[in-house]
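Below is one structure, written out as structure tokens; the observations come after it.
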Amino acid sequence: MSMQSRVLTRWMALVAVAILASGCGVASADRTNGLILSTPITIPATRTPPPDAATRAQAAPITYGYQVVKRYPHDTKAWTEGLVYVGDNTLYESTGEYAQSSLRNVSLSSGQVVQQVGLGNAQFYGEGISPVGDTIFQLTWQNCVGLLYHRADFTRYGQFSYPRASGGGCAMEGWGLTYDGTQLIMSDGTSTLSFIDPAATITSGTLAITRQVQVTLSGNPVLNLNELEYINGSVFANVWMTTTIVRIDPATGHVIGTVNLSGLLSPSEQVGADVLNGIAYDATGDRLFVTGKYWPTLFEITLVPPVAHHLLHMPLVAT
Numbered sequence: 222m223s224m225q226s227r228v229l230t231r232w233m234a235l236v237a238v239a240i241l242a243s244g245c246g247v248a249s250a251d252r253t254n255g256l257i258l259s260t261p262i263t264i265p266a267t268r269t270p271p272p273d274a275a276t277r278a279q280a281a282p283i284t285y286g287y288q289v290v291k292r293y294p295h296d297t298k299a300w301t302e303g304l305v306y307v308g309d310n311t312l313y314e315s316t317g318e319y320a321q322s323s324l325r326n327v328s329l330s331s332g333q334v335v336q337q338v339g340l341g342n343a344q345f346y347g348e349g350i351s352p353v354g355d356t357i358f359q360l361t362w363q364n365c366v367g368l369l370y371h372r373a374d375f376t377r378y379g380q381f382s383y384p385r386a387s388g389g390g391c392a393m394e395g396w397g398l399t400y401d402g403t404q405l406i407m408s409d410g411t412s413t414l415s416f417i418d419p420a421a422t423i424t425s426g427t428l429a430i431t432r433q434v435q436v437t438l439s440g441n442p443v444l445n446l447n448e449l450e451y452i453n454g455s456v457f458a459n460v461w462m463t464t465t466i467v468r469i470d471p472a473t474g475h476v477i478g479t480v481n482l483s484g485l486l487s488p489s490e491q492v493g494a495d496v497l498n499g500i501a502y503d504a505t506g507d508r509l510f511v512t513g514k515y516w517p518t519l520f521e522i523t524l525v526p527p528v529a530h531h532l533l534h535m536p537l538v539a540t
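Offset between the sequence shown (1-based) and the numbering used here: plus 221.
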């Protein structure tokens with residue numbers, strides 16, 4: 222086969238792939254942020270360790286679009302700080318604000334609060350939560366303590382302290398929390414993620430940090446990491462006061478994907494609502510949920526990668 226024939230054959234194959242990708246049935250989207258979307262994708266697992274860390278460090282993150290799959294009601298009085306889907310149509314939700322913080326069992330389909338307990342101290346400001354076995358871990362914001370609950374009945378049975386600074390104050394704040402099946406992963410409002418041994422934390426009564434990683438995007442630290450969710454080898458994090466969620470490689474801290482969820486709420490839904498915060502994942506059903514503080518709606522969404530338009534503009538022959 223001649224060089225020209227090989228180039229022509231390769232070009233035709235690439236065009237066919239692009240046409241198939243763009244022609245597949247795409248479910249209607251509430252908002253697409255101006256992106257031309259291909260077929261929705263399942264979130265793939267991140268390879269750890271990466272096959273080539275140097276190459277991985279230079280790679281630009283994927284910019285996802287999104288599609289709304291379904292809407293569920295959400296309590297507009299919930300200042301959402303932590304969100305976890307635990308199966309059987311059930312969410313655990315942590316809410317903040319002084320004297321109003323709570324740990325909740327919530328029906329996904331109805332949005333109704335099935336069970337709710339306060340934090341036992343009006344000065345405690347509730348933050349991220351994560352169930353580990355029979356225990357639910359809940360962070361507080363600037364109180365320098367985390368709380369431990371029996372998962373079966375939401376009774377509190379203990380607490381643990383955060384590290385102290387040299388001056389005696391808190392060395393870190395509590396923001397987001399998730400669990401990767403082995404370790405808890407915690408955000409503190411900076412660009413740092415802390416990995417925590419849950420058993421050692423319960424036993425010692427002190428946050429047992431095993432390692433930390435700085436989260437960076439194109440070499441720059443990403444500040445204000447908030448609510449977290451571990452999904453198939455990646456950590457997804459709300460960036461506080463923005464409509465952006467970043468997808469993080471926990472081995473390196475590199476941001477490997479971003480999605481801008483602006484436009485989720487309609488103008489009428491935005492009245493009284495605050496910022497985006499809250500990510501939950503149903504691993505069995507492969508469903509991704511997001512919501513925000515005082516939002517009237519919890520959304521099931523699908524992430525969608527952009528189409529590679531350049532494939533349709535390749536020259537027929539090499540120059």
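All C-beta atoms, glycine included, are put in the ideal place defined by N, C-alpha and C. Keep in mind the model is a prediction, meaning the values are calculated, not measured.
Buried or exposed, going by whether 16 or more other CB atoms sit within 10 Å of the CB of residue i?
i	result
Val-525	buried
Pro-471	buried
Gly-493	exposed
Tyr-287	buried
Arg-385	exposed
Tyr-319	exposed
Pro-419	buried
Gln-359	buried
Val-335	exposed
Thr-403	exposed
Thr-316	buried
Ser-331	exposed
Return the CA-CA distance between residue i and residue j, expressed in angstroms with no decimal places.
i	j	result
Ser-408	Ile-469	12 Å
Ala-504	Ile-452	8 Å
Asp-355	Ser-412	30 Å
Thr-297	Val-496	12 Å
Phe-381	Leu-438	32 Å
Lys-514	Thr-463	12 Å
Leu-304	Gly-388	33 Å
Val-290	Leu-486	14 Å
Phe-345	Leu-444	24 Å
Leu-509	Glu-521	6 Å
Val-434	Val-456	12 Å
Asn-441	Ala-299	33 Å
Leu-340	Pro-527	43 Å
Asn-481	Pro-352	28 Å
Ile-350	Ser-489	30 Å
Ala-343	Ala-280	46 Å
Thr-399	Tyr-502	11 Å
Gly-308	Glu-450	15 Å
Quick one: what does DSSP say residue i is sitting in, helix, strand or coil?
i	result
Ala-421	helix
Pro-488	helix
Leu-428	coil
Gln-404	coil
Ile-522	strand
Arg-372	coil
Ala-501	strand
Asn-580	The structure shown does not extend to residue 580, since the chain is modelled only from 222 to 540, so the question has no answer here.
Ser-439	coil
Thr-284	strand
Glu-394	coil
Gly-367	strand
Tyr-378	strand
Pro-527	strand
Phe-345	coil
Val-496	coil
Are residue i and residue j close, meaning C-beta to C-beta below 9 Å?
i	j	result
Pro-282	Thr-479	yes
Gly-397	Val-436	no
Tyr-383	Val-366	yes
Ile-500	Ala-458	yes
Gly-410	Asn-364	no
Answer yes or no: does any C-beta atom of chain B fall closer than 9 Å to that of residue i?
i	result
Gly-341	The structure shown contains no chain B; it holds only a single protein chain.
Does the beta carbon of residue i fall short of 8 Å from some heavy atom of the ligand ZN?
i	result
Pro-442	This structure lacks the ligand ZN, and indeed carries no ligand of any kind.
Give, in chain order, every unbroken run of the beta strand (DSSP E) that is at least 3 residues long and sits entirely within the region 291-336.
-> Fully enclosed beta strand (DSSP E) runs of no fewer than 3 residues occupy 301-308, 311-316, 323-328 of the region 291-336, in order along the chain.
Entirely enclosed beta strand (DSSP E) segments - the region 449-493, minimum 3 residues | Complete beta strand (DSSP E) runs here, min 3: 455-460, 465-469, 476-481.
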